[in-house]
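Here the protein sequences come in this chain order: A and B.
Quick note on numbering: the first sequence equals residues 1 to 340 in our numbering.
Quick note on numbering: the second sequence equals residues 1001 to 1340 in our numbering.
To keep things clear, I will list the structure first and then write my remarks on it.
Protein chains: 2
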Amino acid sequence: MRPTTKDLAKAAGVSLATIDRVLNGRSGVRQKTVDAVNEAIERTGFQRNQVAATLARQKGYRFGFVLPRTGDEFLDVIIKHISEFDQASRAEMIATKVVRIDDHDPHRAAKTLSRLSAEDYDGIAIMAPETPQIRDALYRMRERGIQTVAFISNQQEEGSQPFVGIDNIAAGATAGRLMARFLGHTTGSILVLAETMQSRDSLERRLGFDKVMSREYPQFDALPTLETHGTAERTRLVLANAFAAHQDIVGLYIMGSEARVAIDLAQNLCGEEKIITIAHERTPSTEHALRAKTLDALINQDPGHIIRSAVRTLRAQCENRETLASQERIRIEILIAENL
Amino acid sequence: MRPTTKDLAKAAGVSLATIDRVLNGRSGVRQKTVDAVNEAIERTGFQRNQVAATLARQKGYRFGFVLPRTGDEFLDVIIKHISEFDQASRAEMIATKVVRIDDHDPHRAAKTLSRLSAEDYDGIAIMAPETPQIRDALYRMRERGIQTVAFISNQQEEGSQPFVGIDNIAAGATAGRLMARFLGHTTGSILVLAETMQSRDSLERRLGFDKVMSREYPQFDALPTLETHGTAERTRLVLANAFAAHQDIVGLYIMGSEARVAIDLAQNLCGEEKIITIAHERTPSTEHALRAKTLDALINQDPGHIIRSAVRTLRAQCENRETLASQERIRIEILIAENL
DNA sequence: CTCTTTTTGAGGTGCGTACCTCAAAAACTT
DNA sequence: AAGTTTTTGAGGTACGCACCTCAAAAAGAG
């Protein structure tokens, strides 16, 4: 039988009240006593029964997913998965809510964050660009006792909060390797498309992509990143210009959003010689393109896994436990038509 | 506030005892009353609080993972993950144990299964070849009230129990597509290696592989499957013979175990012209080969996901709930050196 | 209608923890 | 040493459900 708090109290030679104080980090306990309890925990191998604990806490866990207000199809997919998760985990007393912030106005975004109270949230997972305002808002949030985790988009301040998402440098490298291998023995230029190079994610993907391409495949010329600013018009414009300026385009790497427009357009612009196209994130559009063979491969991070991992991570923080790093690593998925 | 059993009793116009009888499928309740309670469940949107339920049940859940006694590196990986999971989920009152069965002696295997009692296991996940003996043993097991789920290797009898694992036809097709795309414009023969073609998994993978190759890439000649019987000697033998008989081998698809030996050997036998090699399942060996570029791609099913999914599925059965199919789909992962 | 069987109700206990109160003990202060 | 503050103990309630018993009510059989 696993030891209970009662057993632990006996083993430590203190009362249940003291055990409770130590276990839940309440004040008013001498260090000496804390040490004695911790020693007893070690000795007896006590593990708090989370099932009983959450039942007793009564108010399960409430987590917020902070997402940008503007976004692409991928964001819709994320939101859909969050609400699915919310449904499925209500029986486990975990509630998840989506909070939107102004991604183009850091001040307003920070203000929205500052309004999130510890009364309403035990933790939040945030997907946002890294600005000083947001960094500070997150810092104050943690001071208020709300756990935080960066989510899909990493924040600079490593160490202060965990990150759940893929390694974007590796993701870029993966795209690069696939691009080169699919191209085989041809040579030519490769277009690289991003929403904006202001974002850390795009920078990292490009870095990884170039690392593979320039070192191992000098026969290809990866052109400077084209920025779409997330609009269809500009995507059309920059792509048309690029195809006009370069006659030898053999590949297209779409790092960011607006994949749909780019894929369709590239189909028309490239002539009879098919170009190899690789994009990120599975959405209805990219999935369709993969099936239609207008897209050759998709680099994906599974939204379901990310969400579950973010919640596990937040919950572990709330209960100040460690997480198994190996369980929380988000895979860089390669999707082709056959393994959709 | 979510309705509790008490609220439900009031809503259905019955007592708590009756609610308990219906909810836990006990006998001695008229159908009319059962219907009334179910109607009230619908109407009030009652959802049993699993946290409280498992606490009250006192004896968490005990699940067994039935694995073959003999096996390759992949099996070791699975076992490692099961014990990791066991550690991590003890706080959630879920205990998992590994049970080994004689995979070469169906009678002994069935006997081992018949000894698993409902006293000790709430459910078992089984990875075993499909034989009549095992099928019957599983049937009787379910009659004893032990939930079952097929795991990695599917059993024929679809419908009678869920399956957690990948679609092996799709996995084979994925391997085929990658093989063809990596080979590019060359032509030649492709070797296909399996432990045995007796197993359904190998048959399905081969089926998927051929579907892609023969229909879309007639320039390649996928040779008949070579069987290694899981031994290093025989692997060496069949491979050496194959390379002697065919001078135009350009690809090697390793569907089953003994990947390590096959990869190393193929390296030596193929001469200066590198052949494209694709294998299944991530293990220390295959991972190393991928890094060393002696392996071009790996088709993988994540053991961690499979185990968690199997446990979620078993637990849902115990609580006779439905599972979200979308959450339980096991991905066919494509691994290359960059996204390890 | 009576007798038997089946179905239902009322009530209780316990799971392991959180969280609360109040008093008692121990530790510091001056 | 007396007073003040800090630390600890004892005890309780609650969470939502499982599981148990025993008696009462209802339904069915003859």
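Built from N, CA and C at the ideal position, the CB exists for glycine as well.
Between L178 of chain A and I278 of chain A, the C-beta gap is smaller than 8 Å, which places the two residues in contact.
At least 8 Å separates the CB of I1254 of chain B from every CB of chain A. In terms of CA proximity to T1225 of chain B, B:F1209 leads the group B:F1209, B:R1142, B:R1069, B:A1052. Within chain B, the C-beta atoms nearer than 7 Å to that of I332 of chain A come from N1339, in chain order. For I249 of chain A, the nearest beta carbon of chain B is not closer than 8 Å to its own beta carbon. Secondary structure of E1233 of chain B (DSSP, three-state): helix. Neighbours of F182 of chain A in chain B, taken as residues whose beta carbon is under 9 Å from its own, are R1181, F1182, G1184 in chain order.
A residue is called buried once 16 or more other Cβ atoms fall within 10 Å of its Cβ, and P132 of chain A, having fewer, is exposed. Counting along the chain, the unbroken beta strand (DSSP E) around E333 of chain A starts and ends at 333-335.
Across the region 42-59 of chain A, CB contacts with chain B closer than 8 Å involve Q47, R48, N49, Q50, V51, A52, T54, L55, in sequence order along the chain. For E92 of chain A, the three-state secondary structure derived from DSSP is helix. Interface criterion met: the Cβ of A1091 of chain B is under 8 Å from a Cβ in chain A. For A1259 of chain B, the enclosing alpha helix (DSSP H) stretches over residues 1259-1269.
Residue pairing by DSSP puts H1280 of chain B in a beta bridge opposite B:I1299. In this structure the region 28-44 of chain A does not lie against the region 214-229 of chain A, because fewer than three pairs of beta carbons, one per stretch, are closer than 8 Å. In the structure shown, G304 of chain A adopts helical secondary structure according to DSSP, grouped into three states. DSSP places L55 of chain A inside the alpha helix (DSSP H), whose first and last residues are 50-57.
Taking C-beta separations shorter than 6 Å and ignoring five residues to either side along the sequence, the partners of L1314 of chain B in its chain run F1063, G1123, Q1147, V1149, following chain order.
In this structure, T1286 of chain B lies away from Q1267 of chain B, with their beta-carbon atoms at least 8 Å apart. With a threshold of 8 Å between beta carbons, L1324 of chain B makes contact with chain A. The beta strand (DSSP E) runs of length 3 or more contained entirely in the region 170-220 of chain A are, from start to end of the chain, 188-194.
Nearest to A56 of chain A by C-alpha distance, out of B:I1306, B:N1320, B:N1049, is B:N1049. Interface annotation, A266 of chain A: not in contact with chain B, CB-CB separation never under 8 Å. Proximity of E1273 of chain B to chain A, defined by a Cβ-Cβ separation below 8 Å, is not satisfied. Flagged as an interface residue toward chain B: T174 of chain A, by a C-beta distance shorter than 8 Å.
Taking C-beta atoms under 8 Å as the contact rule, E338 of chain A and A1091 of chain B fail to qualify, at a distance of about 39 Å. The three-state secondary structure of I1134 of chain B, taken from DSSP, is helix. Residues of chain A whose Cβ lies closer than 9 Å to the Cβ of E1084 of chain B are, in chain order, L324, S326, Q327. Beta-bridge pairing by DSSP links G64 of chain A to A:K97, A:I124. DSSP places A150 of chain A in the uninterrupted beta strand (DSSP E) bounded by 147-151. With fewer than 16 other CB atoms across the displayed protein chains lying within 10 angstroms of its CB, S15 of chain A is exposed.
Here DSSP, grouped into helix, strand and coil, assigns Q156 of chain A to coil.
Pairing A240 of chain A with S257 of chain A, the inter-Cα distance amounts to about 17 Å. G1028 of chain B has a beta carbon lying at 8 Å or more from every beta carbon in chain A. When 8 Å is used as the limit between beta carbons, R1215 of chain B is near no residue of chain A, the shortest such separation being about 12 Å. Nearest to A1012 of chain B by alpha-carbon distance, out of B:M1001, B:N1038, B:V1029, B:Q1031, is B:N1038.
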